[in-house]
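Just below is one structure, and these are the notes that go with it.
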Amino acid sequence: MTQDKTHLDATGLLCPLPVLKARKRLQGLASGETLTVLADDPAAVIDVPHFCAEAGHKLISMNDDGPVQTYVIRKA
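Those letters in the sequence shown? Residues 0 to 75, per numbering that gives the first Met the number 0, in order.
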């Protein structure tokens with residue numbers, strides 16, 4: 000089975016692992032490609048937007064309506 004490089008399931012991981020895994024996954028993407036990240040760490044609502052701002056990536060959307068948050072990040 001091949002792993003989808005544009006999706007990252009970081010549920011069950013605590014800070015800073017969701018951001019660290021997103022950074023690593025984004026390294027394998029071309030500029031302009033998007034990565035969808037799922038996370039349930041409460042700190043992710045702060046960490047993911049901060050990571051995007053610091054790294055120059057664009058946070059396209061953020062949904063935290065349920066227990067799992069969904070982030071869509073466009074690589075710089």
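Backbone N, C-alpha and C fix where the C-beta goes; we use that ideal spot for every residue, glycine too. A quick note: this is a predicted structure, and the numbers were derived from the prediction, not measured.
For residue 12 and residue 43, what's the separation of their Cα atoms in angstroms?
If I take the Cα positions, the gap works out to 10 Å.
Is it right to say residue 49 is buried, meaning 16 or more other beta carbons lie within 10 angstroms of its own, or is it exposed?
In the assembly as shown, residue 49 is an exposed residue. Its beta-carbon has fewer than 16 other beta-carbons within 10 Å.
Residue 1 in three-state terms, based on DSSP:
Because residue 1 sits at a pLDDT of 45, beneath the cut-off of 50, its placement in the model cannot be relied upon, and the point is left open.
On the DSSP bridge list, what partners appear for residue 33?
Per DSSP, the beta-bridge partners of residue 33 are 73.
Label residue 59 either buried or exposed according to how many other C-beta atoms from any shown protein chain fall within 10 Å of its C-beta, with 16 as the threshold for buried.
Label assigned to residue 59: exposed.
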